[in-house]
Amino acid sequence: MEALSDLGPAITAERDFPQTARAMLSALQEAAGAREAVLFTYSEKPSLLTSVAADGFALMPDPAIIPLLPKHVHALNTARGTVMLESSADQFLSSNGNVAPQLFRCLVPLKIAGKFVGIVALGQREGGALYDAGELEALELLSHYVALAMHNFSLTQTLTQRISENLKMMASLHSFYDSALEAFATAIDVKHVNIHGHSLRVAKYSAGIGEAMNLDSAEIAALRSSGYLHDIGKVAVDKRLFGKPSSLDPEEFRQMADHTVVGHKIVSDVQFPWPKIPEIVRWHHERADGSGYPDGLVIDDVPMAVRIVGLADTFDAMTSERPYREPMSLGAALSEIVRLSPQKFDPNAVQALLLQVRRDTVGSNRTAFLEGRTGDVIGTTDIDHLAASLQHRMSNGRLFLT
18 MEALSDLGPA ITAERDFPQT ARAMLSALQE AAGAREAVLF TYSEKPSLLT
68 SVAADGFALM PDPAIIPLLP KHVHALNTAR GTVMLESSAD QFLSSNGNVA
118 PQLFRCLVPL KIAGKFVGIV ALGQREGGAL YDAGELEALE LLSHYVALAM
168 HNFSLTQTLT QRISENLKMM ASLHSFYDSA LEAFATAIDV KHVNIHGHSL
218 RVAKYSAGIG EAMNLDSAEI AALRSSGYLH DIGKVAVDKR LFGKPSSLDP
268 EEFRQMADHT VVGHKIVSDV QFPWPKIPEI VRWHHERADG SGYPDGLVID
318 DVPMAVRIVG LADTFDAMTS ERPYREPMSL GAALSEIVRL SPQKFDPNAV
368 QALLLQVRRD TVGSNRTAFL EGRTGDVIGT TDIDHLAASL QHRMSNGRLF
418 LT
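The numbering of the sequence shown is my numbering, which starts it at 18 and goes up by one.
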C-alpha cells in the first residue's frame, strides 16, 4: 500500500514521460527491494524493447535496445505474472541488442487488455538475496498501473507521430498547400461541437488581417496555413470537453490548454515553406500582458504573425456558438476586443480587423471577409467609432497638435 501511494502521484504528476518513468521505476524498485531495474517500452514495428528508465546497472546503455523475434513476443505476451529467469532468458529475450539478457533475474510483462506494452526487468536484489513470493506479488500488482501509464504514453506517441508523418508527406508536394491544409483543418474541427469550420475561418480572418496590414503574399500565405493548423493539437484532447455545457474546471482547462504544446510537437519536424508555423501553433493563446499560455510571453516576445492568428482565433471564438453560451454579436465582439487592446491584443492587428469589417460593410472587398455570417451586421459609423476609440487607447488619451 505504501508503494502504491507513491506510485499514484508518480503517474499523475505533470511532467514529461521520461521523468514519470523514472519515478515509476523507483517505486517498483522499492516495493521489490531491487538494487537494479530497468523499464522497457515495446514497439511492434519493428518488434523492439527500448529502455525509458534504468537504475543500479553499472554499464546499462541509454537507451538499452533488445530486438525481439516472434517467439519472444509470443512468450512475453502469454506469460502469466512474473517470469523468473534462471537458464531460460533466451526464451523471452534476444541477445542481439546492446544489453545482455543475463543481467536480469526476473521480468514482469506489462499488458493492458491483453496487449503487450513493455516490461519491467529486475537485476540483483539488495544484498544479493532471492526475490520472495510476497515481493513479486506486490510488484505484479503495481505493474498494472505502470502498464496503464505506458499504454497512454504509447497512444499519444502513435497519434502525434502518425499526424506528423502525414504532414511531412504532404509538405513534399508543391500543389498540396491550400487544398490539403484546408482538408486537414476540416478534420481537426470534427471533434468540436457546434463550431465546425473554426480553423477555416481563423485561416481566412488571419489572411485578411495580414492583407489589411499590407503584408506581402508569402506572409499572407503563411498566416492562412497557420490558421488552418493552429488547433492541430486538439486531436489529442478528450472529445467530451468540446461538448461540455458548462465552463471547464481547472484540470479540464489544463488538458485543453495542452493542445498548444502537443500541436507544436506535431508540426515542429515538418519542413513547411513558412518557418513560423510551429511558433504560431504553440503561442496563439499568448496575450500581450503575459496572461496567456503556455509560456506566459509578453507582446515583445511574440512575433506579429502569432499576434494576428491569436486575434483571429479570439474573434471567431467570440462570434461562434459554444455549448455553454450563445455567440456574441459582431458589434459586441469588436467592442470587447477594442476594450482589451493593447493589454491583450496588438492594436495594429485590431485596426486591420476593423478595416476589413468596414470594407465588408461598404462592399469594397472582392471576397467577403465575413463570408457566411448572415443576419449580423454593424454600421460604418459604429466601426469608425471603435477605430477612434482604439486610436485613443493607443495614444493613452493624449492629444497631438499639428
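Yeah, the Cβ is synthetic: ideal placement off N, Cα and C, and Gly gets one too.
Test: Met335 CB closer than 8 Å to a CB of chain D
In summary, chain D is missing from the structure at hand, where a single protein chain is found.
Compare the beta carbon distance of Gln373 and Ile226 with 8 Å and say whether it is the shorter of the two.
yes
Shorter than 7 Å, the distance from the beta carbon of Pro292 to the closest heavy atom of the ligand SAM, or not?
This structure does not include the ligand SAM; it has no bound ligands of any sort.
Endpoints, the beta strand (DSSP E) within which Thr58 is located
54-60
Cut-off 7 Å between Cβ atoms - residues of its own chain near Gln272, not counting five sequence neighbours on either side:
Val254, Asp255, Leu258
Can you tell me whether Pro80 is helix, strand or coil according to DSSP?
coil
For Ser216, the three-state DSSP class (helix, strand or coil):
helix
Quick one, which of Val116, Val278, Pro84 has its alpha-carbon nearest His302's?
Val278
Given a threshold of 16 other Cβ atoms within 10 Å of its Cβ, counted over all protein chains shown, does Gly135 qualify as buried or as exposed?
buried
If distances are taken between C-alpha atoms only, which option among Val163, Glu269, Ala350, Val315 comes closest to Ala40?
Val163
Start and end of the beta strand (DSSP E) containing Lys128?
123-129
I'd like to confirm the pairing. Which residues does DSSP put opposite Lys132 in its beta bridges?
Ile129
Fully enclosed by the region 250-276, which beta strand (DSSP E) runs are 3 residues long or longer?
none
Can you tell me the Cα-Cα spacing of Gly250 and Ala220, whole angstroms?
16 Å
Three or more C-beta pairs closer than 8 Å, one from the region 60-73 and one from the region 142-152: is that the case here?
no
By the DSSP assignment, the beta strand (DSSP E) with Ser68 in it spans what residues?
65-72
From Ser308, Gln46, His402, residue whose alpha carbon lies closest to that of Phe362:
Ser308
For Val326 versus Ser243, is the C-beta spacing smaller than 8 Å?
yes
Over what stretch of residues does the alpha helix (DSSP H) that includes His91 continue unbroken?
87-95
Would you identify the three-state DSSP class for Thr304, choosing helix, strand or coil?
Sequence check: residue 304 is Arg here, not Thr. Looking at Arg304 - three-state DSSP - the assignment turns out to be coil, as it is neither helix nor strand.
Rounded separation between Glu268 and His161 - CA only
24 Å
Can you tell me which of the three DSSP states Ala75 falls into?
coil
Using CA atoms only, rank isn't needed, just tell me which of Leu66, Arg241, Leu156, Arg324 is closest to His89.
Leu66
Does the Cβ of Ala329 have 16 or more other Cβ atoms within 10 Å, making it buried, or fewer, making it exposed?
buried
Give every residue of the same chain whose Cβ lies closer than 6 Å to the Cβ of Met321, excluding the five residues on either side of it in the sequence, and list them in chain order.
none
Rounded to whole angstroms, what's the CA-CA distance from Ala349 to Arg304? Just pull it up for me.
20 Å
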